[in-house]
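So the sequence shown is residues 50 to 533, counted in this note's numbering. Note that the Cβ used here is the ideal one computed from N, Cα and C, for glycine as well.
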Amino acid sequence: MSNVSLPLTFPDGFLWGGATAANQIEGAYDQGGKGLSVQDVMPMGIVGPRTEAPTPDNLKLVAIDHYHRYAEDIALFAEMGFKVYRFSIAWSRVFPNGDDAEPNEEGLAFYDRVLDELEKHGIEPLVTISHYETPLHLAEAYDGWTDRRLIGFYERYARTLFERYGSRVRYWLTFNEINSLLHAPFMSGGIATPKEDLSDQQLYQAMHHELVASARATRIAREVAPGAQIGCMVLSMPVYPLSPSPEDALAVMTADHANLVYGDVHTRGVYPGYFLRTLREKGIELQITDEDRDDLTNIVDFVSFSYYMSIAETADPAKKAAGEGNIMGGVPNPTLPASEWGWQIDPIGLRLVLNQFWDRWQKPLFIVENGLGAKDQLVEVDGRKTVIDDYRIAYLRDHLVQVGEAIADGVEVLGYTTWGCIDIVSASTAQLSKRYGFIYVDRNDDGSGTLERHRKKSFDWYREVIRTNGAALVDEAAAKDLTR
Ligand code: BGP
Numbered sequence: 050m051s052n053v054s055l056p057l058t059f060p061d062g063f064l065w066g067g068a069t070a071a072n073q074i075e076g077a078y079d080q081g082g083k084g085l086s087v088q089d090v091m092p093m094g095i096v097g098p099r100t101e102a103p104t105p106d107n108l109k110l111v112a113i114d115h116y117h118r119y120a121e122d123i124a125l126f127a128e129m130g131f132k133v134y135r136f137s138i139a140w141s142r143v144f145p146n147g148d149d150a151e152p153n154e155e156g157l158a159f160y161d162r163v164l165d166e167l168e169k170h171g172i173e174p175l176v177t178i179s180h181y182e183t184p185l186h187l188a189e190a191y192d193g194w195t196d197r198r199l200i201g202f203y204e205r206y207a208r209t210l211f212e213r214y215g216s217r218v219r220y221w222l223t224f225n226e227i228n229s230l231l232h233a234p235f236m237s238g239g240i241a242t243p244k245e246d247l248s249d250q251q252l253y254q255a256m257h258h259e260l261v262a263s264a265r266a267t268r269i270a271r272e273v274a275p276g277a278q279i280g281c282m283v284l285s286m287p288v289y290p291l292s293p294s295p296e297d298a299l300a301v302m303t304a305d306h307a308n309l310v311y312g313d314v315h316t317r318g319v320y321p322g323y324f325l326r327t328l329r330e331k332g333i334e335l336q337i338t339d340e341d342r343d344d345l346t347n348i349v350d351f352v353s354f355s356y357y358m359s360i361a362e363t364a365d366p367a368k369k370a371a372g373e374g375n376i377m378g379g380v381p382n383p384t385l386p387a388s389e390w391g392w393q394i395d396p397i398g399l400r401l402v403l404n405q406f407w408d409r410w411q412k413p414l415f416i417v418e419n420g421l422g423a424k425d426q427l428v429e430v431d432g433r434k435t436v437i438d439d440y441r442i443a444y445l446r447d448h449l450v451q452v453g454e455a456i457a458d459g460v461e462v463l464g465y466t467t468w469g470c471i472d473i474v475s476a477s478t479a480q481l482s483k484r485y486g487f488i489y490v491d492r493n494d495d496g497s498g499t500l501e502r503h504r505k506k507s508f509d510w511y512r513e514v515i516r517t518n519g520a521a522l523v524d525e526a527a528a529k530d531l532t533r
């Protein structure tokens with residue numbers, strides 16, 4: 050054991066695992082009484098236009114057919130030793146139109162079966178209530194979260210889940226990446242009006258409705274599922290000043306505020322002053338009822354977040370070139386390499402975010418998404434099909450080393466779930482070739498493939514990391530001199 054073992058001590062009971070979302074993994078988009086969701090009309094992800102109805106080129110309609118293969122997939126997660134599995138419940142499987150009076154029993158029964166499998170393998174479930182899959186009817190009939198009535202529909206849905214699964218599920222997330230709403234209104238907020246036609250007033254009102262709905266879900270969970278731990282979920286993206294000028298530092302503060310307000314409200318129960326200033330300056334008057342204010346005081350038990358990349362920010366309009374990135378993007382950082390999709394790779398940024406969130410909110414943190422989307426090459430080794438994905442191992446190891454560092458800094462981290470632990474359809478581009486998994490799925494961007502599953506090299510690597518509760522990272526880290 051090398052001398053870097055101390056910073057890489059992960060606490061006992063650390064929740065190692067992986068994460069997926071219903072619309073990207075399940076398929077069976079019209080089976081078991083499921084209604085359509087916004088994803089069923091997004092064949093190109095967020096990069097392309099929506100369609101009127103589902104079209105055969107939409108890979109999410111079949112995805113990786115987890116709806117029929119969940120037992121096999123969960124058995125593979127168990128083989129890696131997962132302690133936790135994050136998945137989302139498809140709202141439109143439970144309430145096909147979103148505004149139905151009664152839930153769809155067949156949809157609920159499916160998630161009972163998923164939970165049965167997890168229980169069988171001793172894997173703790175971590176459930177996202179709403180992950181970019183608002184029922185399409187709510188988008189078309191109500192314009193999604195711009196309409197206050199969505200709070201009531203979401204409340205009914207959340208209550209149904211807490212009543213049904215509350216005794217079996219401890220960790221819940223209310224909305225995936227709730228801070229993406231202003232950037233991707235259709236995918237994130239089920240808002241049918243095109244982004245360019247939406248006013249700030251409408252967008253910020255939708256944001257308020259989601260924040261109230263999230264807090265109300267927390268309140269309901271306290272009533273009907275007292276053991277539940279409720280978390281918010283935000284897209285994290287540390288922001289660096291492009292130069293050391295005070296103006297650039299101020300631009301960073303402004304960009305940070307725009308992202309941090311969601312966590313501030315979830316952990317403090319009120320809107321922060323800097324946000325009220327933004328509203329004033331934009332001439333927005335939010336409709337906030339007394340009941341809303343009361344709901345917002347139901348703060349979360351923990352904060353969860355996705356982390357893929359960092360960005361830079363500048364006050365200089367001439368240097369404000371837009372970079373690629375996870376939904377919101379930013380100014381490219383000249384010091385960092387990038388993935389094949391232009392997402393800049395920055396392991397230290399994860400340590401910074403963990404410290405920032407902990408210092409700011411003093412709530413336990415859960416990293417519920419992290420990983421590298423990459424093109425994989427299936428090869429045959431000793432008669433077994435596999436992928437030699439050393440690049441993925443390096444990415445995950447470098448990030449986990451920084452998680453270890455943050456834990457040594459005193460940050461309370463509950464767990465870590467890699468994104469797309471089995472290959473699934475990408476959210477931003479709707480491709481299957483943007484792969485994150487430890488498990489290769491034989492399906493291609495043109496829809497061809499057998500859907501067979503194959504263990505990648507990273508499968509064995511991650512099993513070893515989990516088996517040793519992170520200790521296996523140490524020697525590799527030492528060898529690569531990754532720590533300070
Ligand atoms: C997050 C989403 C996920 C997801 C991930 C990776 O923003 O919560 O649903 O897919 O990013 O993004 P992508 O699939 O676009 O590579």
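Cutoff 6 Å; reference R265; Cβ partners in own chain excluding five residues on either side: Counting from one through the sequence shown, the residue named residue 265 turns up at place 216. These residues qualify, in order along the chain: E204, D344.
Check E272 in the structure and name its three-state DSSP category. The residue labelled residue 272 in the question sits at position 223 within the sequence shown. Correct three-state label for E272: helix.
Using only the heavy atoms of the ligand BGP, determine whether one of them is closer than 6 Å to the beta carbon of E259. By one-based count along the sequence shown, residue 259 stands at place 210. Result no, Cβ not under 6 Å from the ligand BGP.
Whether G193 touches P287 by CB criterion (7 Å): Indexing the sequence shown from 1 puts residue 193 at position 144. Indexing the sequence shown from 1 puts residue 287 at position 238. Not a contact, by the Cβ cut-off of 7 Å.
Tell me the residue span of the beta strand (DSSP E) that contains E362. Numbered from its first residue, the sequence shown carries residue 362 at position 313. Counting along the chain, the beta strand (DSSP E) containing E362 begins and ends at 360-362.
Among L64, Y511, T177, V261, which has the Cα closest to the Cα of Y444? For this step, residue 444 is matched to residue 395 along the sequence shown. Looking from the CA of Y444, the closest CA among L64, Y511, T177, V261 belongs to Y511.
Going by DSSP, name the residue or residues bridged to C470. Here residue 470 is taken as the residue at index 421 of the sequence shown, counted from 1. According to DSSP, C470 bridges with nothing at all.
Quick check: what's the CA-CA separation for V273 versus F144? Taking the first residue of the sequence shown as position 1, residue 273 is located at position 224. Taking the first residue of the sequence shown as position 1, residue 144 is located at position 95. Using only the alpha carbons, I get a separation of about 20 Å.
If you run the structure through DSSP and keep just helix, strand and coil, what is V319? Locating residue 319 in the sequence shown gives position 270, where the first residue counts as 1. Three-state DSSP puts V319 in coil, outside helix and strand.
For T338 and W140, the rounded distance between their alpha carbons: Residue mapping note: residue 140 aligns to position 91 of the sequence shown, counting from 1. Residue mapping note: residue 338 aligns to position 289 of the sequence shown, counting from 1. Taking the straight line from one Cα to the other gives about 26 Å.
When you compare only the Cα positions, how much space is there between L531 and V450? Walking along the sequence shown from the start, residue 531 turns up at place 482. Walking along the sequence shown from the start, residue 450 turns up at place 401. Reliability fails at L531, whose pLDDT of 44 lies under 50, so the model's placement of it is uncertain and the value that follows must be treated cautiously. One C-alpha to the other measures close to 7 Å.
Once the 5 residues before and after R99 are set aside, which same chain residues still bring their CB inside 7 Å of it? Numbered from its first residue, the sequence shown carries residue 99 at position 50. Closer than 7 Å at the Cβ level, and outside the excluded window around R99, lie V90, M91, F235.
Does T499 pass the burial test, meaning 16 or more other C-beta atoms within 10 Å, or should it be called exposed? Taking the first residue of the sequence shown as position 1, residue 499 is located at position 450. With fewer than 16 other Cβ atoms within 10 Å, it is exposed.
Can you give the beta carbon distance from Y181 to S237, rounded, assuming they're within the 8 Å contact cut? Indexing the sequence shown from 1 puts residue 181 at position 132. Indexing the sequence shown from 1 puts residue 237 at position 188. About 6 Å separates the beta carbons of Y181 and S237, which is inside the 8 Å limit, making them a contact pair.
Residue range of the unbroken beta strand (DSSP E) whose run includes V352: By one-based count along the sequence shown, residue 352 stands at place 303. Boundaries of the beta strand (DSSP E) harbouring V352: 351-356, taken from the DSSP string.
Does the ligand BGP have even one heavy atom less than 6 Å from the beta-carbon of A77? For the purposes of this step, residue 77 is taken as the residue at position 28 of the sequence shown. For A77, the CB stays at least 6 Å from every heavy atom of the ligand BGP.
Compute the Euclidean distance between the alpha carbons of A367 and T303, then round it to the nearest angstrom. To locate residue 367, count along the sequence shown from 1; it is residue 318. To locate residue 303, count along the sequence shown from 1; it is residue 254. Between the alpha carbons of A367 and T303 lies a gap of roughly 18 Å.
Please return the same chain residues whose Cβ sits closer than 6 Å to the Cβ of A233, not counting the five positions on each side in sequence. In the sequence shown, the residue the question calls residue 233 occupies position 184. I95, I376.
Outcome for L299 when other beta-carbon atoms lying within 10 angstroms are tallied against a minimum of 16: Working through the sequence shown from its first residue, we reach residue 299 at position 250. Exposed is the call here.
Would you mind working out which of V176, R118, D165, G201 sits nearest D341, comparing C-alpha positions? For the purposes of this step, residue 341 is identified with residue 292 of the sequence shown, where counting begins at 1. Taking only the C-alpha atoms, the option nearest D341 is G201.
According to DSSP, is D424 part of a helix, a strand, or is it coil? Position 375 of the sequence shown, counting from 1, holds the residue named residue 424. According to the sequence provided, residue 424 is Lys. The question's Asp does not apply to it. Here K424 sits in coil by DSSP.
How about T467 and N347: are their beta carbons less than 7 Å apart? Here residue 467 corresponds to residue number 418 of the sequence shown, with the count starting at 1. Here residue 347 corresponds to residue number 298 of the sequence shown, with the count starting at 1. At the C-beta level, T467 and N347 stay beyond 7 Å of one another.
Helix, strand or coil for M93, going by three-state DSSP, please let me know. Residue mapping note: residue 93 aligns to position 44 of the sequence shown, counting from 1. Correct three-state label for M93: coil.
Which same chain residues, not among the five before or five after G130, have their C-beta less than 6 Å away from its C-beta? Taking the first residue of the sequence shown as position 1, residue 130 is located at position 81. The answer, listed in chain order, is R512, I515, R516.
On the premise that V163 lies in contact with F136, defined as a C-beta separation below 8 Å, what is that separation, rounded to the nearest angstrom? Along the sequence shown, one-based indexing puts residue 136 at 87. Along the sequence shown, one-based indexing puts residue 163 at 114. With a Cβ gap of about 7 Å, F136 and V163 count as contacting.
Please report how far the alpha carbon of G276 lies from the alpha carbon of E75, in whole angstroms. Stepping through the sequence shown from its first residue, residue 276 is reached at position 227. Stepping through the sequence shown from its first residue, residue 75 is reached at position 26. A direct Cα-Cα distance of roughly 28 Å separates G276 from E75.
For L252, count the other beta carbons within 10 Å of its own beta carbon; 16 or more makes it buried, fewer makes it exposed. Which is it? On the sequence shown, position 203 is the one that residue 252 refers to. Buried is the label assigned to L252, since at least 16 other Cβ atoms lie within 10 Å of its Cβ.
Quick check: is any heavy atom of the ligand BGP less than 6 Å from the C-beta of N308? One-based indexing of the sequence shown puts residue 308 at position 259. Flag unset: Cβ of N308 not near the ligand BGP.
Out of A188, I138, A307, state which residue places its alpha-carbon closest to the alpha-carbon of A158. To locate residue 158, count along the sequence shown from 1; it is residue 109. Ranking the options by Cα distance to A158, first place goes to I138.
How about H180: is its C-beta nearer than 7 Å to some C-beta of chain B? Among the chains of the structure shown, chain B does not appear; only one protein chain is present.
Do you know how far the Cα of E155 is from the Cα of Q80? Stepping through the sequence shown from its first residue, residue 80 is reached at position 31. Stepping through the sequence shown from its first residue, residue 155 is reached at position 106. In this structure, the CA atom of Q80 is about 9 Å from the CA atom of E155.
Any heavy atom of the ligand BGP closer than 6 Å to the beta-carbon of E226? Numbered from its first residue, the sequence shown carries residue 226 at position 177. Checking every heavy atom of the ligand BGP against the Cβ of E226, one is found closer than 6 Å.
How about A455 and N404: do their beta carbons lie closer than 7 Å? For the purposes of this step, residue 455 is taken as the residue at position 406 of the sequence shown. For the purposes of this step, residue 404 is taken as the residue at position 355 of the sequence shown. Closer than 7 Å, so yes.
When you compare only the Cα positions, how much space is there between F406 and E461? Indexing the sequence shown from 1 puts residue 406 at position 357. Indexing the sequence shown from 1 puts residue 461 at position 412. When rounded, the separation of the alpha-carbon atoms in F406 and E461 is 10 Å.
What three-state label does DSSP hand N52 in the structure shown? Indexing the sequence shown from 1 puts residue 52 at position 3. Here the model assigns N52 a pLDDT of 41, short of 50, so the residue's position is not dependable, and the following value carries that caveat. Looking at N52 - three-state DSSP - the assignment turns out to be coil, as it is neither helix nor strand.
Which of helix, strand or coil does DSSP assign to T435? Against the sequence shown, residue 435 aligns to sequence position 386. In the structure shown, T435 sits in a strand (DSSP, three-state: E or B).
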